[in-house]
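Engineer:
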Amino acid sequence: EAQVTQNPRYLITVTGKKLTVTCSQNMNHEYMSWYRQDPGLGLRQIYYSMNVEVTDKGDVPEGYKVSRKEKRNFPLILESPSPNQTSLYFCASSQNGDTQYFGPGTRLTVL
Amino acid sequence: SQQGEEDPQALSIQEGENATMNCSYKTSINNLQWYRQNSGRGLVHLILIRSNEREKHSGRLRVTLDTSKKSSSLLITASRAADTASYFCATDPGAYGNNRLAFGKGNQVVVIP
Numbered sequence: 683e684a685q686v687t688q689n690p691r692y693l694i695t696v697t698g699k700k701l702t703v704t705c706s707q708n709m710n711h712e713y714m715s716w717y718r719q720d721p722g723l724g725l726r727q728i729y730y731s732m733n734v735e736v737t738d739k740g741d742v743p744e745g746y747k748v749s750r751k752e753k754r755n756f757p758l759i760l761e762s763p764s765p766n767q768t769s770l771y772f773c774a775s776s777q778n779g780d781t782q783y784f785g786p787g788t789r790l791t792v793l
Numbered sequence: 003s004q005q006g007e008e009d010p011q012a013l014s015i016q017e018g019e020n021a022t023m024n025c026s027y028k029t030s031i032n033n034l035q036w037y038r039q040n041s042g043r044g045l046v047h048l049i050l051i052r053s054n055e056r057e058k059h060s061g062r063l064r065v066t067l068d069t070s071k072k073s074s075s076l077l078i079t080a081s082r083a084a085d086t087a088s089y090f091c092a093t094d095p096g097a098y099g100n101n102r103l104a105f106g107k108g109n110q111v112v113v114i115p
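So the protein sequences, as listed, match chains A and B.
Letter by letter, the first sequence follows residues 683 to 793 of the numbering used here.
Letter by letter, the second sequence follows residues 3 to 115 of the numbering used here.
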């Protein structure tokens, strides 16, 4: 089944404790993105990647890192999480930059 | 980056009625897309309309695009309770390959059985 998977789905952590949210797609897509969704603000793009080893900042990249060492994986790294990064995070992939296929989301709470 | 804005932001209708949502944006686009999100889950792509298209249909969905007014509308005909969701428009600014979709804040639709 074609899908985008994210892990973990739920995470509660404390300020400053490094964490990684994994994202994997099995559709051989070139493009992958990370978004965060906050009430009243909609979805905002954090980082995106057009191919292996090619990444670029989205609209809200501060406090986040990404890597794209393999085509299928695009992990999101929070080196020192803060409470303002409490949010619902979505990974998405796309073959040609058009239609995005979204993962199920990761609900992160930073205390 | 630009961002679509949906209108109305909340809509409540009876099952069987039509639901219409609008999206406005600010700069030129390559395409505009509509997505649906059920309560905290991932977004699901509904339909994409390119800048050189004016209208597109997919099942009970009809999307129009007016590039002169920088607006789009999504019509759901004969709504069902399962259509209850948030609907987002997303604009692609058109620089090929940069995958910089900009999403609106969403439109909450409630279909009452």
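The C-beta atom is built at its ideal place from N, Cα and C for all residues, glycine as well.
What's the call for residue 38(B), buried or exposed, on a 16-neighbour Cβ count within 10 Å?
Structural biologist: Classification for residue 38(B): buried.
Engineer: Run through chain A and tell me which residues come within less than 8 Å of residue 102(B), C-beta to C-beta.
Structural biologist: Ordered by position in chain A, the residues that pass the 8 Å Cβ test against residue 102(B) are 727, 730, 740.
Engineer: Can you tell me the Cβ-Cβ gap for residue 776(A) and residue 717(A), rounded? I've got them flagged as a contact below 8 Å.
Structural biologist: About 12 Å separates the two Cβ atoms, so there is no contact after all.
Engineer: Within the continuous beta strand (DSSP E) that includes residue 726(A), where are the two ends?
Structural biologist: Residues 724-733.
Engineer: Which of the three DSSP states is assigned to residue 767(A) in this structure?
Structural biologist: The answer is helix: DSSP assigns residue 767(A) an H, G or I state.
Engineer: Going by CA-CA distance only, name the one from 13(B), 76(B), 90(B), 112(B) that's closest to residue 60(B).
Structural biologist: Residue 60(B) has its Cα closest to that of 76(B), out of 13(B), 76(B), 90(B), 112(B).
Engineer: Verify the CB distance criterion: does residue 43(B) have a CB-CB separation below 8 Å to chain A?
Structural biologist: Taking Cβ atoms only, chain A reaches closer than 8 Å to residue 43(B), which makes this a yes.
Engineer: In this structure, what does DSSP give as the bridge partners for residue 58(B)?
Structural biologist: Per DSSP, 65(B).
Engineer: Which residue or residues does DSSP assign as beta-bridge partners of residue 88(B)?
Structural biologist: 39(B), 110(B), per the DSSP bridge assignment.
Engineer: Among the residues of its own chain, which have a CB less than 7 Å from the CB of residue 732(A), if the five just before and after it don't count?
Structural biologist: Contacts found: 712, 713.
Engineer: Buried or exposed: where does residue 31(B) fall if 16 or more other Cβ atoms within 10 Å of its Cβ makes it buried?
Structural biologist: So residue 31(B) ends up on the buried side.
Engineer: To the nearest angstrom, how far is the alpha carbon of residue 719(A) from that of residue 710(A)?
Structural biologist: In a straight line, the C-alpha of residue 719(A) is about 25 Å away from that of residue 710(A).
Engineer: With respect to the beta strand (DSSP E) encompassing residue 689(A), which residues constitute its N-terminal and C-terminal limits?
Structural biologist: Start and end: 686-689.
Engineer: How far does the beta strand (DSSP E) with residue 739(A) in it reach, from first residue to last?
Structural biologist: Where residue 739(A) is concerned, the enclosing beta strand (DSSP E) stretches over 736-739.
Engineer: By the three-class DSSP mapping on this structure, what secondary structure does residue 80(B) have?
Structural biologist: Correct three-state label for residue 80(B): coil.
Engineer: Short of 7 Å Cβ to Cβ, which residues in the region 17-34 of chain B face chain A?
Structural biologist: If the cut-off is 7 Å between Cβ atoms, the region 17-34 of chain B has 33 near chain A.
Engineer: In whole angstroms, give me the CA-to-CA distance for residue 782(A) and residue 47(B).
Structural biologist: Roughly 7 Å separates the two Cα atoms.
Engineer: In chain A, which residues lie with their C-beta within 8 Å of the C-beta of residue 58(B)?
Structural biologist: Those do not exist, as residue 58(B) stays about 13 Å from chain A at its closest Cβ, beyond 8 Å.
Engineer: Indicate whether at least one CB of chain A lies closer than 8 Å to the CB of residue 109(B).
Structural biologist: No, residue 109(B) lies away from the interface with chain A (no Cβ there is under 8 Å from its Cβ).
Engineer: Looking only at its chain, what residues have a beta carbon closer than 6 Å to the beta carbon of residue 110(B), apart from the 5 residues adjacent to it on each side?
Structural biologist: So the list reads 12, 88, once near-sequence residues are dropped.
Engineer: Could you tell me whether the Cβ of residue 788(A) comes closer than 8 Å to any Cβ of chain B?
Structural biologist: For residue 788(A), the answer is no, since every Cβ of chain B falls outside 8 Å of its Cβ.
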